[in-house]
Amino acid sequence: MQINLSGHHVEVTDSMRSYVDEKLQKLERHFDHINNVYVVLKVEKLQQIAEATLHVNAGEIFASANHEDMYAAIDGLVDKLDRQVLKHKAKLAHH
Numbered sequence: 209m210q211i212n213l214s215g216h217h218v219e220v221t222d223s224m225r226s227y228v229d230e231k232l233q234k235l236e237r238h239f240d241h242i243n244n245v246y247v248v249l250k251v252e253k254l255q256q257i258a259e260a261t262l263h264v265n266a267g268e269i270f271a272s273a274n275h276e277d278m279y280a281a282i283d284g285l286v287d288k289l290d291r292q293v294l295k296h297k298a299k300l301a302h303h
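Taking the working numbering, the leading residue of the sequence shown gets 209, the next gets one more, and so forth.
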């Protein structure tokens, strides 16, 4: 799984990068057909926004989460992605 991380109006620190990497590894445990992940961390006014697009076999999964704290936004993002990945996996299993 290749992770592409970029920042928009925010400097992506090494600790943010390793936090994102660590959190996204959890998704791979549930579904190992994730090819690429594009993560964008943004700051808009007082909101920290984390967005990601997962390129998976047979489609893509997008999620976005925002919070006052970037790490909390990343947590929320990974939770949403996790639910969507499990739903996608279940859909594939029914075919």
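Each residue gets a CB set at the ideal place from its N, CA and C atoms; glycine is no exception.
Please classify H217 as buried or exposed, where buried requires at least 16 other C-beta atoms within 10 Å of its C-beta. Residue burial is scored here from C-beta neighbours: H217 has fewer than 16 other C-beta atoms within 10 angstroms and is therefore classed as exposed.
Quick one: is K231 buried, meaning 16 or more other Cβ sit within 10 Å of its Cβ, or exposed? buried
Who are S272's beta bridge partners in DSSP? Looking at the DSSP assignment, S272 forms a beta bridge with E259.
In three-state terms, what does DSSP make of E252? The three-state reading of DSSP puts E252 in strand, counting E and B together.
Could you spell out the range, first to last residue, of the alpha helix (DSSP H) harbouring H238? 222 to 238
CA-to-CA distance, I242 to L262, given in whole angstroms: 7 Å
Would you mind stating whether V248 and S214 have Cβ atoms separated by less than 8 Å? yes
At which residues does the alpha helix (DSSP H) containing H296 begin and terminate? 278 to 301
Kindly give me the distance between the Cβ atoms of V228 and I282, rounded to whole angstroms, as I take these residues to be in contact under 8 Å. 6 Å
Give the straight-line distance between the Cα atoms of D290 and L254, rounded to the nearest whole angstrom. 26 Å
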